[in-house]
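Peer 1:
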Amino acid sequence: MKVGFIGLGRMGEAMAANLLKAGHGVSVYNRSPAKADALVAAGAVRAASIAEACQSEAVLTMLADDTAVESVVLGDGAILESLPKGALHISHSTISVALSERLAKAHGEAGQAYVSAPVFGRPDVAAAGKLFIVAGGAPESVARCAPLFEAMGQRTFALSEKPEAANLVKISGNFLLACVIESLGEAMALVGKAGIDKSEYLDLLTSTLFGAPVYRTYGNLIANETFSPAGFAAPLGLKDVSLALAAGEALRVPLPLASLLRDRFLSLLAQGGADLDWSAVGGLALRDSGQGKAG
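The numbers in the numbering used here rise by one with no breaks, and the one at position 186 of the sequence shown is 1007.
The following block contains the structure:
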């Protein structure tokens, strides 16, 4: 397929690279043009504008938050104005349920197709083409995405004809990840204060009760306090927990743990942790107990 890709952070760059490797024609656009250099060297076409990236069968976006997505999709000269009728916008960004609903309505009124397809996986998983993709949209639109999803991920979950459902699932998943990070940090602070080696403790946990990859990945980061460079920056963690709280408020679902996590992320950011990985929230418990690099 001939596609455009907008948003070349660590995730977006890896995803676009896999599309190229799979033989798709990819034009790339990023607000900071230098971020496209490696992809252009690998065969991508550099788009001079958002509009230029939209002259294709589909445009994919991987952007940080609602503000960035609104600007790229709904602004002057942006996707909504530039994408041809019948063409497809695939949004991989983790955005609010409310914005996803707005995008679906706006694209429908413009005669364009819209699929929300947020992903689970950190940058190394994206580079390996092993993302898990959660797709929401009309079945025929999701089917059109299949060759692209196959190039970027190991499995796609088509959950609903409503695009916003995919965003809600993604938000709920990141909320659960944040819960794991906080609870791991507290447990490691507890055993570490008693003199138990945190890495050995993690090996026990992941060999018995908690064999899921998330415990290994984030447990190692917390045990070794390896919070830089950030695979997923702490401000994005605060953003996603806030999205969970907003969704809960809209649906009248109390999320007391999300309220706790919001305050934990705010504490991390207030102490200068904006450039750290969001797993640094797990390191707060070490600091609070007088341990670790922050203790």
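From the three backbone atoms N, C-alpha and C, an ideal C-beta is built for every residue, glycine too.
1) By alpha-carbon positions, which one of M832, S853 and A868 ends up nearest to V847?
2) Roughly how many angstroms separate the alpha carbons of D1084 and G1040, rounded to a whole number?
3) Can you name the residues that DSSP bridges to D945?
4) With a floor of 4 residues, list each alpha helix (DSSP H) that falls wholly inside the stretch 1039-1110, ordered by position along the chain.
5) Please work out which residues of its chain come closer than 8 Å, Cβ to Cβ, to G1069, disregarding the five sequence neighbours upstream and downstream, and give them in chain order.
6) Given a cut-off of 8 Å on the beta-carbon distance, is the pair A956 and V963 in contact?
7) Do you know offhand how far V1102's Cα is from L881's?
8) Hey, out of L1087, G929, D1061 and R1037, whose CA is closest to A908's CA?
9) Determine the burial state of D766: buried for a count of at least 16 other Cβ atoms within 10 Å of its Cβ, exposed for fewer.
10) Since I believe M883 is in contact with M832 (beta carbons under 8 Å), could you give me their beta-carbon distance rounded to a whole number of angstroms?
11) Would A843 and A949 qualify as a contact pair, given that the criterion is a beta-carbon distance under 8 Å?
12) Return helix, strand or coil for F970, following the three-state DSSP convention.
13) From what residue to what residue does the alpha helix (DSSP H) around I1017 run?
14) Excluding the 5 residues flanking A986 on each side, which residues of the same chain have their C-beta closer than 6 Å to its C-beta?
15) How do the stretch 910-920 and the stretch 930-939 stand: do at least 3 beta-carbon pairs fall below 8 Å, yes or no?
16) Compute the beta-carbon to beta-carbon distance between G1094 and A1055, rounded to the nearest angstrom, for a pair I have assumed lies under 8 Å.
17) Return the CA-CA distance between T1038 and G1006, expressed in angstroms with no decimal places.
18) List the whole-angstrom C-beta distance separating G1113 from E1046, where the pair is believed to meet the contact cut-off of C-beta under 8 Å.
19) Throw me the rounded Cβ distance for the Q975 and K991 pair, which I believe falls under 8 Å.
20) Classify I992 as helix, strand or coil using the three-state DSSP reduction.
21) Let me know if S1028 comes out buried or exposed under the rule of 16 or more other beta-carbons within 10 Å of its beta-carbon.
22) Name the DSSP bridge partner or partners of L881?
23) Between A879, E873 and D886, which lies nearest to A899 when the distance is taken from Cα to Cα?
Peer 2: With the given structure in hand:
1) Taking the first residue of the sequence shown as position 1, residue 847 is located at position 26. Selected option, being the one with the closest Cα: A868.
2) Locating residue 1084 in the sequence shown gives position 263, counting from the first residue. Locating residue 1040 in the sequence shown gives position 219, counting from the first residue. The straight-line gap from Cα to Cα measures roughly 21 Å.
3) In the sequence shown, the residue the question calls residue 945 occupies position 124. Looking at the DSSP assignment, D945 forms no beta bridge with any residue, so it has no partner.
4) 1055-1072, 1077-1091 and 1101-1109
5) Position 248 of the sequence shown, counting from 1, holds the residue named residue 1069. Closer than 8 Å at Cβ, skipping near neighbours: P1075, L1076 and A1079.
6) The sequence position of residue 956 within the sequence shown is 135, counting from 1. The sequence position of residue 963 within the sequence shown is 142, counting from 1. Against a cut-off of 8 Å, the Cβ pair of V963 and A956 comes out as a contact.
7) As a first step, residue 1102 must be located in the sequence shown, where it is residue number 281. As a first step, residue 881 must be located in the sequence shown, where it is residue number 60. Computed Cα separation, rounded: 31 Å.
8) Within the sequence shown, residue 908 is the residue found at index 87, counting from 1. Out of L1087, G929, D1061 and R1037, G929 has the C-alpha closest to the C-alpha of A908.
9) The question about residue 766 has no answer here: the residues shown for the chain are numbered 822 through 1116.
10) Position 11 of the sequence shown, counted from the start, is the residue given in the question as residue 832. Position 62 of the sequence shown, counted from the start, is the residue given in the question as residue 883. Contact flag correct, Cβ pair sits at about 6 Å.
11) One-based indexing of the sequence shown puts residue 843 at position 22. One-based indexing of the sequence shown puts residue 949 at position 128. Contact: no.
12) Taking the first residue of the sequence shown as position 1, residue 970 is located at position 149. Note: F970 maps to helix in three-state DSSP.
13) Locating residue 1017 in the sequence shown gives position 196, counting from the first residue. Segment: none, I1017 is in no alpha helix (DSSP H) and carries neither H nor E.
14) As a position in the sequence shown, residue 986 is number 165, starting the count at 1. Taken in chain order, the residues that qualify are G957 and L980.
15) yes
16) Your numbering for residue 1094 matches position 273 in the sequence shown. Your numbering for residue 1055 matches position 234 in the sequence shown. About 5 Å separates the two Cβ atoms, so the contact holds.
17) In the sequence shown, residue 1038 corresponds to position 217, counting from 1. In the sequence shown, residue 1006 corresponds to position 185, counting from 1. For T1038 and G1006, the distance between alpha carbons rounds to 13 Å.
18) In the sequence shown, counting from the first residue as 1, residue 1113 sits at position 292. In the sequence shown, counting from the first residue as 1, residue 1046 sits at position 225. At roughly 6 Å, the Cβ-Cβ gap stays under 8 Å, so G1113 and E1046 are in contact.
19) Translated into positions along the sequence shown, residue 975 becomes position 154. Translated into positions along the sequence shown, residue 991 becomes position 170. No, Q975 and K991 are not in contact; Cβ-Cβ is about 16 Å, not under 8 Å.
20) Residue 992 sits at position 171 when you count from the first residue of the sequence shown. Under the three-state reduction of DSSP, I992 is assigned to helix.
21) The count along the sequence shown starts at 1 and reaches residue 1028 at position 207. It is exposed - the Cβ of S1028 has fewer than 16 other Cβ atoms within 10 Å.
22) On the sequence shown, residue 881 is found 60 positions in, with the first residue counted as 1. BP columns for L881 point to F826 and I911.
23) Walking along the sequence shown from the start, residue 899 turns up at place 78. The option with the nearest alpha carbon to A899 is E873.
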